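Undergrad: In this note's numbering, the protein residues as written are 4 to 606.
Next up is a structure, given as C-alpha cells.
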Amino acid sequence: MAAPPPLQAPTNLRSRPPVPVDHYIGIDVGTGSARACIVNSNGDIVGLDSEEIGLWQPQQGYYEQSTANIWHCICTAVQRAISQNKVDPSTVRGIGFDATCSLAVFSKRSNEPVSVTGPNFDTDRNVILWLDHRPVEETEKVNATNHNLLRYVGGKMSIEMEIPKVLWLKNHMPKELFSQCKFFDLADALTHIATGNEKRSFCSVICKQGYVPVGVDGSVKGWQEDFLREIGLGDLVEDNFVRMGGVNGVNGDYLSAGDLVGTLCEKAASELGLPAGIAIGSGVIDAYAGWIGTVGAKVDLGAGQLTADVANNDKSQLFTRLASVAGTSTCHLAMRPNPVFVPGVWGPYRDTILPGYWMAEGGQSATGELLKFVIETHPAFRQAKSLAESYNPNIYSYLNEHLRGMTQREGAPSVSYLARHIFFYGDLWGNRSPIADSRMTGSIIGISSNSSVDGLCLHYYATLEFIALQTKQIIDTMNKAGHNITSIFMSGSQCQNEILVKLIASACEMPVLIPQYVHAAVCHGAAMLGAKAASANAQGKTASLWDIMDRMSKPGKKVTPTDDPKEKALLKAKYDVFLEQCFKQQEYRKNVDKAIGLWKKSN
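Structure representation (C-alpha cells):
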C-alpha cells in the first residue's frame with residue numbers, strides 16, 4: 004500500500020503576528036554611571052546598558068554632579084539598550100528610577116538647575132553627591148540640637164545626609180540666590196524631569212532630609228518646624244515647606260516605592276526615544292532598589308525551605324533578611340512591622356517601601372572604594388596590575404587566585420590563615436554604622452617590609468576581612484536592639500568576589516544569598532517600580548509591590564559559612580581584635596584631645 008500523502012497546512016489561515024510582550028525600564032544612577040535595564044513581565048532582563056556620568060571634585064572632600072549630565076547619560080543608555088536589543092519602544096509600559104541619596108538643587112522660579120559650586124556658584128553642577136563631606140560644621144550644629152527627630156536617623160544625622168548640605172549652601176550662597184532654591188533628592192529630581200511633577204517619595208524625604216511621618220511621635224506636617232528654625236533653616240518653613248516638597252496632602256504629594264507619579268512627558272519622551280505617556284513609578288534611593296531586587300529571590304535555604312512565592316508566604320520571613328547592597332559603599336537594609344531604634348543605624352523609616360512597614364539602614368561608607376584605595380596605594384600594585392592583565396583583566400580575580408596559590412605554596416589550612424597576624428581597621432572615610440563617628444580613620448597592626456605582590460595580597464585580604472567583620476558588627480548591633488536577621492541577600496559589584504562573600508557568611512555565621520542577576524540587581528529592582536506604576540487602575544491604585552517582586556524575582560545561589568571549627572575560632576579571635584581597634588581608637592583620640600586642650604589653656 005502506498006504511503007499516504009503528507010499533511011498540508013491549511014491555506015486559509017492567516018499567519019498570526021506574535022503577541023506583544025510588555026517591557027519595563029529600570030534606571031539606576033550610581034556614583035559613577037547611569038544604567039538602563041529592560042525587563043519583561045516575567046522579570047527576565049532583555050537589555051542592559053550604561054553610560055559613565057561626570058563627577059567633579061573642586062577640592063578635597065567635595066563631590067559634585069550635574070542633573071543635565073546625568074539625564075543625558077540616562078537617555079544615551081536607554082536608547083542603546085532599546086536599539087541594540089531590538090525592543091519595540093511601544094511595548095514599554097513603565098519606568099522606575101533609583102539614585103544615590105544626593106542633593107539636587109533647582110530654581111523655584113525658572114525650574115532650571117542651580118549651581119552648588121562656590122564661591123561663585125556659576126557652574127552647571129547642581130548636585131552635591133552623597134559622598135561629599137563639606138558640611139562638617141553644619142553637621143555638628145544639627146546634631147548638637149539633640150532634637151527628637153534624630154532618633155529616626157540612628158541618633159545622629161550623618162554628614163552624608165541632605166539637611167547639613169542644605170545648611171552649607173545657606174551659609175555660603177548669596178542670600179538672594181539661596182532664597183530662590185528648591186531641593187530634591189536625586190531620585191525625585193529624575194522623576195521630576197521625566198514627568199514635570201514635583202511629587203516626592205517617602206524613601207527620599209524620610210531617609211535623608213529630616214522628615215518624620217505624620218502621626219509618628221506627634222509629627223503633624225512631617226517636616227519639623229522647630230528643628231529647621233533651631234539650625235538656621237527657618238526660611239524653609241515658609242509656605243508650608245514648599246521648597247522641600249510641601250506638606251503631604253496639603254501642598255505636596257508623597258508616595259511609597261513604585262506608586263504612580265505621573266506619565267512620561269513629551270520633552271522627556273523625545274529625549275529618551277520613547278513614546279509619551281509611559282507610567283513613571285515613585286523612585287527610591289539606590290540601596291532600597293537593591294532590597295527590592297534581592298530579598299524576593301527564590302533561593303533554597305536548606306531543610307526544604309525555598310524563598311519562593313513571596314506574596315503568598317508568611318511575610319514574617321522577610322523580616323529576617325538583610326539586604327546588603329555593596330558597591331562603592333555598602334548599605335544594609337532590614338524591614339520590620341514595628342519600629343526598632345538602633346544607635347548608629349539610620350531609621351526606622353516608615354512607608355519608604357511598603358506603607359506601614361519600617362526600614363532600618365546601616366552602612367559602611369567605603370567598601371569598594373576602600374579596596375581600590377588599599378591595592379592602588381601598595382608598592383606592588385603596578386606589578387600586580389601587569390600580571391592581572393596577562394592573566395585576568397579583573398584585578399580582584401587575579402588577587403584571589405594569587406591568594407589561593409599562596410595558600411597551597413605555604414601549606415596553609417585556609418586563606419584566612421595567611422593573614423592571621425595582620426589586623427586592619429578600615430574606616431578611612433569615617434564610620435557610618437554602627438558607631439556613627441565621622442572622625443574615625445584607619446589603623447593596621449602587623450605591617451611589615453614586604454613590598455611584593457604577596458604583601459599586597461595580604462593587605463587586600465585583611466581589607467576583605469575588615470569589611471566582613473564590620474558587617475558582623477552592624478548585624479550584631481541590630482539584632483541586640485530587636486531585629487532578627489538570619490540571612491544576608493547581597494547585591495552589587497562586590498558579590499562577584501567569592502572570597503569576600505564566603506568571608507561575610509563565615510564571619511556573620513549565616514548564609515549569603517546571591518541574586519541571579521549579579522550585575523544588575525539594583526536596576527532590576529528599579530524596573531519593578533516601573534512595573535508597579537504600570538499596574539495603576541483608573542483611580543491610580545497600583546498592585547502590591549510584593550506581587551510584583553514575587554513575579555519578577557529570579558532564583559539565586561546560596562553561600563554557606565565555613566564548617567571548619569579552626570577557621571571559626573580564628574575569625575572569632577580576629578573579631579575581638581577588630582572591636583578593640585574600633586573602640587580603642589575613640590579612647591586614644593579622646594585622651595589626646597584632652598591633652599591638647601590642657602596644652603592650649605597653658606598657652
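Where a beta carbon is used, it is the ideal one built from N, C-alpha and C, also for glycine.
Please read all numbers here as calculations on a predicted model, not as lab measurements.
Keeping to the same chain, check which residues put their C-beta closer than 6 Å to that of Ile-447; ignore five residues upstream and five downstream.
TA: So the list reads Phe-427, once near-sequence residues are dropped.
Undergrad: Could you name the residues of the same chain whose beta carbon sits closer than 8 Å to that of Leu-2, not counting the 5 residues immediately before and after it, in chain order?
TA: What the structure shows of the chain is the stretch from 4 to 606, and residue 2 is not part of that stretch, so it cannot be assessed.
Undergrad: Taking 8 Å as the cut-off, decide whether the C-beta atoms of Ser-204 and Val-130 are in contact.
TA: It is not a contact, given that the beta carbons lie outside the stated cut-off.
Undergrad: Roughly how many angstroms lie between the CA atoms of Tyr-155 and Val-215, to the nearest whole one?
TA: The alpha-carbon atoms of Tyr-155 and Val-215 are separated by roughly 8 Å.
Undergrad: If I follow the unbroken beta strand (DSSP E) through Gly-533, where does it start and stop?
TA: Per DSSP, Gly-533 belongs to no beta strand (DSSP E); it is in the alpha helix (DSSP H), 524-537.
Undergrad: Which partner residues of Phe-426 appear in the DSSP bridge assignment?
TA: The partner list for Phe-426 (beta bridge, DSSP) reads Ile-448.
Undergrad: Please list the terminal residues of the continuous alpha helix (DSSP H) segment that includes Thr-333.
TA: Not the alpha helix (DSSP H): Thr-333 falls in the beta strand (DSSP E), residues 333-339.
Undergrad: Straight-line CA distance for Val-95 to Ala-272?
TA: Near 12 Å, if we compare the C-alpha coordinates of Ala-272 and Val-95.
Undergrad: In whole angstroms, what is the alpha-carbon distance linking Met-176 and Leu-406?
TA: So the two alpha carbons sit approximately 51 Å from each other.
Undergrad: Do Lys-475 and Cys-511 have their C-beta atoms within less than 8 Å of each other?
TA: Yes; because the gap between Cβ atoms is below 8 Å, this pair is in contact.
Undergrad: State the Cα-Cα distance for the pair Lys-587 and Asp-430, rounded to the nearest angstrom.
TA: Taking the straight line from one Cα to the other gives about 13 Å.
Undergrad: With Gly-265 as the anchor, note down where its alpha helix (DSSP H) starts and where it stops.
TA: Careful: Gly-265 lies outside any alpha helix (DSSP H), inside the beta strand (DSSP E) at 263-266.
Undergrad: Under a Cβ-count criterion, where at least 16 other Cβ atoms within 10 Å of its own Cβ denotes burial, should Ala-572 be classed as buried or exposed?
TA: Answer is exposed; the Cβ neighbour count stays below 16.
Undergrad: Which class does Arg-412 belong to by DSSP, given the choice of helix, strand or coil?
TA: It is helical.
Undergrad: Of the residues Met-443, Tyr-591 and Gly-449, which one's Cα is nearest the Cα of Arg-423?
TA: Nearest option by C-alpha distance: Gly-449.
Undergrad: Determine, using beta carbons only, whether Gly-50 and Ile-85 come nearer to each other than 8 Å.
TA: Cβ distance < 8 Å, so Gly-50 and Ile-85 count as in contact.
Undergrad: Classify Ala-598 as buried or exposed, calling it buried when 16 or more other Cβ atoms lie within 10 Å of its own Cβ.
TA: Ala-598 comes out exposed.
Undergrad: Whole angstroms are fine: how far does the CA of Glu-583 sit from the CA of Met-443?
TA: Taking the straight line joining both Cα atoms gives about 14 Å.
Undergrad: Taking all protein chains shown into account, decide if Glu-115 is buried (16 or more other Cβ within 10 angstroms of its Cβ) or exposed.
TA: So Glu-115 counts as exposed.
Undergrad: What residue range is occupied by the uninterrupted alpha helix (DSSP H) comprising Val-287?
TA: Per DSSP, Val-287 belongs to no alpha helix (DSSP H); it is in the beta strand (DSSP E), 282-288.
Undergrad: Check whether the Cβ atoms of Ser-93 and Pro-278 sit closer than 8 Å, and answer yes or no.
TA: For Ser-93 and Pro-278, yes; Cβs fall inside 8 Å.
Undergrad: Ile-41 to Asn-174, Cα distance in whole Å?
TA: Each residue's Cα considered, the two are about 43 Å apart.
Undergrad: How would you write the range of the alpha helix (DSSP H) that Arg-418 sits in, first residue to last?
TA: Looking at the sequence shown, residue 418 is not Arg but Val. Unbroken alpha helix (DSSP H) run through Val-418: 418-421.
Undergrad: Based on DSSP bridge pairs, tell me the residues matched to Gln-68.
TA: Partner(s): Val-130.
Undergrad: Nearest CA to the CA of Pro-437: which residue from Gln-367, Gly-445 and Asn-453?
TA: Per the Cα distances, Gln-367.
Undergrad: With 16 other CB atoms within 10 Å as the buried threshold, where does Tyr-394 fall?
TA: Counting Cβ neighbours within 10 Å, Tyr-394 comes out exposed, since fewer than 16 surround it.
Undergrad: If the criterion is Cβ atoms closer than 8 Å, does the pair Asp-354 and Gln-589 meet it?
TA: Going by C-beta atoms, Asp-354 is not nearer than 8 Å to Gln-589.
Undergrad: Determine whether the beta carbon atoms of Cys-104 and Ala-197 lie at a separation below 8 Å.
TA: No, the pair does not count as a contact, with Cβ atoms beyond the cut-off.
Undergrad: If we ignore side chains and look at the alpha-carbon of each, how far apart do Asp-47 and His-26 end up?
TA: Looking at the two C-alpha atoms, the distance is approximately 10 Å.
Undergrad: Just tell me which of Leu-239, Gly-225, Trp-361 and Asp-566 has its CA closest to the CA of Gly-252.
TA: Comparing Cα positions, the closest option is Gly-225.
Undergrad: Using a Cβ distance threshold of 8 Å, determine whether the stretch 321-328 contacts the stretch 407-415, with at least three qualifying pairs required.
TA: Cβ pair count under 8 Å is below three, so no.
Undergrad: Within this structure, are the beta carbons of Met-552 and Gly-261 separated by less than 8 Å?
TA: Not in contact: Met-552 and Gly-261 (Cβ atoms no closer than 8 Å).
Undergrad: Relative to the C-alpha of Ala-71, which candidate in Val-504, Ile-56 and Pro-382 has its C-alpha closest?
TA: Here the closest residue by C-alpha is Ile-56.
Undergrad: Using alpha carbons as the reference points, say which of Thr-545, Gly-293 and Pro-568 lies closest to Val-264.
TA: Taking only the C-alpha atoms, the option nearest Val-264 is Thr-545.
Undergrad: Would you tell me roughly how many angstroms separate the C-alpha atoms of Gln-308 and Ala-337, rounded to the nearest one?
TA: Here the model assigns Gln-308 a pLDDT of 49, short of 50, so the residue's position is not dependable and the matter cannot be decided.
Undergrad: Assuming contact is defined by CB atoms lying nearer than 8 Å, are Leu-258 and Phe-186 in contact in what I supplied?
TA: No, Cβ-Cβ distance for Leu-258 and Phe-186 is not below 8 Å.
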